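Read in order, the letters of the sequence shown correspond to residues 1187 to 1717 in this note's numbering.
We put the CB at the ideal spot given by N, CA and C, even for glycine.
These figures come from a predicted structure and were not determined experimentally.
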Amino acid sequence: MKPGKRFFLLTGILLLVVMLSSLLAGCGKQEPGTAPKGRESTLVVAPKYEGDNLNPILGYGKYGGSKFFNGLVKFDESLNVVPDLAESWEISPDGKTYTFHLRKGVRWHDGKEFTADDVKFTYERILDPEVASPLKPYFELVEKIDVVDDYTLRIQLSEPYAPFLEKLVVGIVPKHLLDGKDIKTAEFNQHPVGTGPFKFVEWRKGERLVMEANPDYFLGKPEIDRVVVSFIPDENTRLLQTVKGEVDVAFLPPKLASKAESSEVQVFTVPTGEWCGIALPYENPLFRDRNLRQALAYAIDKQSIVDNILEGKGEPTSIPFRSNHWAYNPKAKRYSLNLEKAKALLAASGWKDTDGDGILDKNGKPLRFTLMYPADDVLRKDICTAVRTDLRKVGVDVELAGLSWEQIKPRMYQDATLFFFATVYDPDDQYPIWHSKFIGQGWWNPTCFRNRKVDELLEKGRATMDKQKRREIYGELQEILAEEQPMVFIAFMDHTYLCSKGVKGIKIQPEGHSGYMTEGLWWNLEEWSLE
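Below is the structure:
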């Protein structure tokens, strides 16, 4: 269905919903986001993604924000690192030894006491190669972990690591429930026990996840008694259920959210460090040509994608650093729309339209490649469709393939893929995306990018403590990535949420990846209330 038709159909549905809501008013229907006196308050939220496990060691809530768990530290509203399970800490003058003083009296949801042994266990499992934790790159400089006593922990690093504290937002898991278990297959992954503000109740995969307020939470019981996380893959259905009051807060693409704001629901726009880019894997000989990669960057109308697909909620980019990031380098090469430059670069690499079919060719082969995206993601499909249209104007034929992630993974070293990554916290977020050591390790370094200078800069940047020197290091990194374009960087994308006006206490925190229930708008869910 064309976007125009979808819009008019959706508008008609929304008008019908509004009329039905008016007819039902005064008939005893509870308003969205309300909790009658004397009754349990229930909040219904609809994120974009469900996820496949609830274990922090396996990546659940790697940026904090998990409602079941706490890290040693957490991010506040401005992304400052503040105490969580650790009340305080000291860092040695050489930047290699961290001593943490833990809260006393914190209990797991099963009543057992939280101690430093749990922290040591969590980090050691993250480092265990058998576990293959996606967080391992951020802990690889940990040399030794010592439990001084039940409430004191000392961590020794092999060398200084500037963003180490930020990595400790990851949730701590209970040793007494996981010691001796296979972390990858443990029942705990589906039935978690944490120290967080909400306790796990049930998870019906593909339907809902239910949590309830923890009455013994060390910062006080949350005001909302029960949270139902409803998994609604179809975005139009998610929208309609929110407008009708069946869902209180929903993650939605900007094109849908902006059309639904009314007296009952409001749109929250959250600034992010999430960017989208087309990975051009070097294992495919076609993508080893820098002229080709730069030509693609010049041929894509990034501003149009931001204006028309993201509804202006974002900004075009040529590097994986947003313009408001402290390490952003404004001198890095930019790729604004320039079809003539794109054509010239392709011609310089020998691409010509010898048969007059509108598609460039060389040595009898057309300039054609496949661009993959997850089939259930409308936003990514829209971006890929726009890219295909743009590239056709310079003689590049793109075949779109909407697949499952399981189908994409074995093909990602040959075919192009639209990826979403994030640089919102420390620039070290770039480390596993570009360092050559991560080629072949899961989803890391999907372009198979090998650049000795980039490896050196990434290693130097994480080991340098002075912020100005780090800015210079990552500035040079950006210049190389801008020149090489191992990914065609397209845009940074703000996130939009549709919320019932009966939900109070929402605070905006800049975010990275979102769509899950581990960060994003619900980062301070325990502080929300319902009217």
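| Item | Value |
| --- | --- |
| Nearest CA to the CA of V1414: which residue from N1549, A1372, L1395, S1590? | L1395 |
| Report buried or exposed for K1330, applying the criterion of at least 16 other Cβ atoms within 10 angstroms of its Cβ. | exposed |
| In whole angstroms, give me the CA-to-CA distance for D1539 and D1547. | 6 Å |
| Below 8 Å between beta carbons: does that hold for Q1489 and Q1671? | no |
| Given L1321, which residues of its chain have a CB within under 7 Å of its CB, disregarding the five upstream and five downstream residues? | G1245, K1248, I1312, V1356 |
| Tell me which same chain residues have a C-beta within less than 6 Å of the C-beta of G1214, skipping the five on either side of it? | Below a pLDDT of 50, predicted positions are generally treated as unreliable, and G1214, at 35, falls in that range; the measurement from the model is reported next regardless. Cβ within range, chain order: n/a, list empty. |
| Measure the Cβ-Cβ separation of P1439 and V1573 and say whether it is below 8 Å. | no |
| Quick check: what's the CA-CA separation for V1689 versus L1265? | 23 Å |
| In the DSSP output, which residue or residues are listed as bridge partners for V1379? | Bridge partners of V1379: none, in fact. |
| Assuming T1338 and T1285 make a contact with CB atoms under 8 Å, what is their CB distance in whole Å? | 7 Å |
| I'd like to know if P1613 contacts chain B, where contact means its C-beta is closer than 8 Å to some C-beta of that chain. | Checking the listed chains, one finds no chain B in this structure; it contains a single protein chain. |
| At a threshold of 7 Å, does G1463 count as lining the ligand FAD (C-beta to nearest heavy atom)? | The ligand FAD is not part of this structure, which contains no ligands at all. |
| Residue range of the alpha helix (DSSP H) that T1285 falls in? | Careful: T1285 lies outside any alpha helix (DSSP H), inside the beta strand (DSSP E) at 1283-1288. |
| From which residue to which residue does the alpha helix (DSSP H) around T1228 run? | Looking at the DSSP string, T1228 is not in any alpha helix (DSSP H); the run it does join, the beta strand (DSSP E), is 1228-1232. |
| Flag this pair as yes or no: are the beta carbons of I1505 and F1675 separated by less than 8 Å? | yes |
| Would you give the residue range spanned by the alpha helix (DSSP H) that E1670 belongs to? | 1653-1670 |
| So what's Y1559 in DSSP terms, helix, strand or just coil? | strand |
| Counting along the chain, where does the beta strand (DSSP E) carrying E1273 start and finish? | 1272-1277 |
| With a cut-off of 8 Å on the beta carbons, I'd call A1485 and V1359 a contact; round off their distance for me. | Actually they do not touch by this definition, with Cβ atoms about 47 Å apart. |
| Only counting the same chain, and skipping five residues up and downstream in sequence, which positions put a Cβ closer than 7 Å to that of A1211? | Note that A1211 scores 37 on pLDDT, short of 50, meaning its location in the model is unreliable and no value can be drawn from it. |
| Assuming V1317 and I1369 form a contact by the criterion Cβ under 8 Å, report the distance between their Cβ atoms to the nearest whole angstrom. | 5 Å |
| Excluding five sequence neighbours on each side, which residues of the same chain lie with their C-beta closer than 6 Å to the C-beta of A1443? | V1453, T1682, L1684 |
| I'd like to check one pair, E1226 with R1412: are the Cβ atoms closer than 8 Å? | yes |
| Might you give, ordered along the chain, the residues of its own chain that have their beta carbon closer than 8 Å to the beta carbon of V1456, omitting 5 neighbours on each side? | D1680, H1681, T1682, Y1683, I1694, Q1695, P1696, E1697, S1700, G1706, L1707 |
| Taking all protein chains shown into account, do 16 or more other C-beta atoms lie within 10 angstroms of the C-beta of S1278, making it buried, or fewer, making it exposed? | exposed |
| Look up E1713 in the DSSP assignment and say whether it is helix, strand or coil. | helix |
| For W1620, name the three-state secondary structure that DSSP assigns. | helix |
| For the 8 Å Cβ check, are there 3 or more pairs between the segment 1464-1478 and the segment 1597-1606? | yes |
| Do you know offhand how far I1545's Cα is from N1477's? | 17 Å |
| Please confirm if the segment 1518-1525 is in contact with the segment 1653-1672, defined as three or more CB-CB distances below 8 Å between the two stretches. | yes |
| What is the DSSP secondary structure of P1295, reduced to helix, strand or coil? | Here residue 1295 is His; the residue named in the question, Pro, does not match the sequence. Note: H1295 maps to coil in three-state DSSP. |
| Please classify M1397: is it buried, with 16 or more other beta-carbons within 10 angstroms of its beta-carbon, or exposed? | buried |
| Do E1717 and G1691 have their CB atoms nearer than 8 Å? | no |
| Out of V1333, G1661, E1299, which has the shortest C-alpha to C-alpha gap to W1512? | G1661 |
| In three-state terms, what does DSSP make of D1583? | strand |
| Could you work out which residue in W1275, T1575, L1240 is closest to I1289 when comparing CA atoms only? | The question names Ile, yet the displayed sequence has Arg at residue 1289. Looking at the Cα atoms, W1275 is the closest of the given residues. |
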